[in-house]
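Quick note on full-length UniProt numbering: the sequence shown kicks off at 1 and runs consecutively.
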Amino acid sequence: MTKTLEKIQTQEQLPSSTRVVIIGGGIVGVTAALALAERNIPVVLLEKGHIAGEQSSRNLGWIRKTNRHLHDIPLAQAADRLWAEMPSRIGCDVGYKQAGIMFLAKTDAQLTMYDAWLKSVASLSLDSRMVSPKEIEELAPGGKGKWLGGIYTPSDGNAEPSLAASAIAKAAVEKGAIIVQQCAVRTLSTEGGKVSGVVTEKGEIRCEQVLLAGGAWSRRFLGNLGISFPTLPLICSVLRTKPMDGPTNIAVGGPDFSFRKHQDGGFIITQRGKLDAPVTLDHMLIGHKYLDQLRTQRSFLNVSMGRYFFKDLGLSRRWGAKNRSPFEKVRANDPDVNADLNQQALNNLRAAWPVFEKAEVAEAWAGLIDVTPDSNPVIDHIESIPGLTIATGFSGHGFGTGPAAGQLAADLISNSEPIIDPSPYRFGRL
1 MTKTLEKIQT QEQLPSSTRV VIIGGGIVGV TAALALAERN IPVVLLEKGH
51 IAGEQSSRNL GWIRKTNRHL HDIPLAQAAD RLWAEMPSRI GCDVGYKQAG
101 IMFLAKTDAQ LTMYDAWLKS VASLSLDSRM VSPKEIEELA PGGKGKWLGG
151 IYTPSDGNAE PSLAASAIAK AAVEKGAIIV QQCAVRTLST EGGKVSGVVT
201 EKGEIRCEQV LLAGGAWSRR FLGNLGISFP TLPLICSVLR TKPMDGPTNI
251 AVGGPDFSFR KHQDGGFIIT QRGKLDAPVT LDHMLIGHKY LDQLRTQRSF
301 LNVSMGRYFF KDLGLSRRWG AKNRSPFEKV RANDPDVNAD LNQQALNNLR
351 AAWPVFEKAE VAEAWAGLID VTPDSNPVID HIESIPGLTI ATGFSGHGFG
401 TGPAAGQLAA DLISNSEPII DPSPYRFGRL
């Protein structure tokens, strides 16, 4: 993970009871805890490792509406507002900047795709607009790429993953939430078919409701309860440069690179055109659900079968409340960095903007993304287990929408007016 992640201190003692237990200390879980604590609803968040130890600190930090599905944009718009309000709400910097995001097209097909998206969301009156090669040069001077055009959304932005979830978690504690790290939840307790508590490695907590915000671990947790939740893993490798002058503060996505300004003056860079796709047993079990994605996105996937397959195979899929769970055996998904992909990204970026010839790599890391068949999350109650709600499967864009997703989950749990229409995120669609 990034070396700059701000870790926090939390209590070690496990309370005997509460009203809501949240499983998972990523951006969605901590934001839900904050929203519940602000409503004076007793809440305990349990994290098997440490807050933001996985994808919530390993992502690119982009906060975007651009190129989202039409029905997913209201959540992103709500997140824009919540990100802007977050510093005053929690009294702490999260690195949020509304610096804009621009995607570039090198081919007619790419340009047509961006134009089609813009037309598909015309009813929402976004500030997104197509840009010409001349405008690209004005927005990001010094480029040598032969762009046909692109799409630019000034109101998109970014925040710092190394700061945000930790800062929000601290604020949640200050407002009454209890957070316990290094405490894995093994399973649920039920009475009469309803949630009555959770069983952890440190003992049981009685509660009325549970929110599962476990990211890539959610499929395994739910599977142990007899609930099939389809996600498959992808791995994104990322690098951060040392502080340097760059072409723009706008986050830019090209066909085979992306970059954004980091708050320390360096740049976060990745190979936008390739993700590692390690084969797992789940590919054989649920891979048929992803055939449409495979047909349209195969060129983006670096498929391989290697060490990750056997590590995943070695983790239990069924266990009891008294047994050591997979979440105690692996406290954090920490995939290997693909140095070749990072180097490709840097080479491609240098060809497009020669100023990056001066870039020196400060660090590199990789993060594991849990992808659903339609690349959208589930934020919904689980009808078969009353008292269980899930907010997971964010498919690589959970950080950007995290504050709104966490609040929507808190709304559902507290039976409040939801921040947006939750119907696009129903569990039943999968």
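We put the CB at the ideal spot given by N, CA and C, even for glycine. Predicted model, so just to flag it, every value in this text is computed and none were measured.
Using a Cβ-Cβ cut-off of 7 Å (strictly less than) and excluding sequence neighbours within five positions of residue i, which residues of its own chain qualify?
i, result
"residue 111", "105, 148, 149"
"residue 333", "54, 216, 368"
"residue 289", "230, 373"
"residue 124", "73"
"residue 155", "80, 98, 127"
Leaving out five residues on either side along the sequence, give the residues of the same chain with a beta carbon under 6 Å from the beta carbon of residue i.
i, result
"residue 133", "147"
"residue 256", "273, 348"
"residue 315", "326"
"residue 5", "57, 162"
"residue 420", "74, 75, 78"
"residue 391", "28, 213, 379, 405, 409"
"residue 103", "150, 151, 253"
"residue 450", "Coverage of the chain is limited to positions 1 through 430, which leaves residue 450 absent and any answer about it impossible."
Flag this pair as yes or no: are the beta carbons of residue i and residue j separated by less than 8 Å?
i, j, result
"residue 386", "residue 210", "no"
"residue 44", "residue 180", "yes"
"residue 368", "residue 55", "yes"
"residue 403", "residue 113", "no"
"residue 338", "residue 276", "yes"
"residue 166", "residue 52", "yes"
"residue 16", "residue 178", "no"
"residue 151", "residue 121", "no"
"residue 201", "residue 328", "yes"
"residue 47", "residue 183", "yes"
"residue 373", "residue 294", "no"
"residue 128", "residue 153", "yes"
"residue 203", "residue 14", "yes"
"residue 176", "residue 37", "yes"
"residue 414", "residue 39", "yes"
"residue 68", "residue 158", "no"
"residue 393", "residue 411", "no"
"residue 224", "residue 187", "yes"
Check the C-beta distance from residue i over to residue j and give it rounded, since I have them as a contact under 8 Å.
i, j, result
"residue 28", "residue 409", "7 Å"
"residue 258", "residue 60", "7 Å"
"residue 139", "residue 22", "The pair is not a contact, with the Cβ atoms about 40 Å apart (cut-off 8 Å)."
"residue 164", "residue 94", "4 Å"
"residue 271", "residue 345", "4 Å"
"residue 168", "residue 31", "6 Å"
"residue 246", "residue 355", "6 Å"
"residue 49", "residue 426", "Rounded, the Cβ-Cβ distance is 30 Å, inconsistent with contact."
Can you give me the Cβ contacts of residue i inside the same chain, cut-off strictly under 8 Å, excluding the 5 residues immediately before and after it?
i, result
"residue 351", "144, 145"
"residue 18", "42, 43, 44, 178, 205, 206, 207"
With which residues is residue i paired in a DSSP beta bridge?
i, result
"residue 364", "239"
"residue 381", "389"
"residue 304", "278"
"residue 221", "None; residue 221 has no bridge partner."
"residue 259", "252, 269"
"residue 370", "233"
"residue 62", "158"
"residue 327", "BP columns for residue 327 are empty, so no partner."
"residue 102", "152, 252"
"residue 203", "200"
"residue 22", "45, 211"
"residue 120", "The partner list for residue 120 (beta bridge, DSSP) is empty, contrary to what the question assumes."
"residue 180", "11, 46"
"residue 188", "198"
"residue 129", "152"
"residue 97", "158"
"residue 17", "206"
Using a Cβ-Cβ distance under 8 Å, would residue i count as near chain C?
i, result
"residue 122", "The structure shown contains no chain C; it holds only a single protein chain."
Kindly confirm or deny that the segment 383-402 and the segment 48-66 touch, where touching means at least three C-beta pairs closer than 8 Å. yes
Would the segment 406-420 and the segment 225-236 be scored as touching if the rule is three or more Cβ pairs under 8 Å? Look at the beta carbons and you see the segment 406-420 not touching the segment 225-236: under three pairs across the two are nearer than 8 Å.
Indicate whether the contact test is met: 3 or more Cβ pairs, each with one atom in the segment 358-367 and one in the segment 233-246, closer than 8 Å. yes
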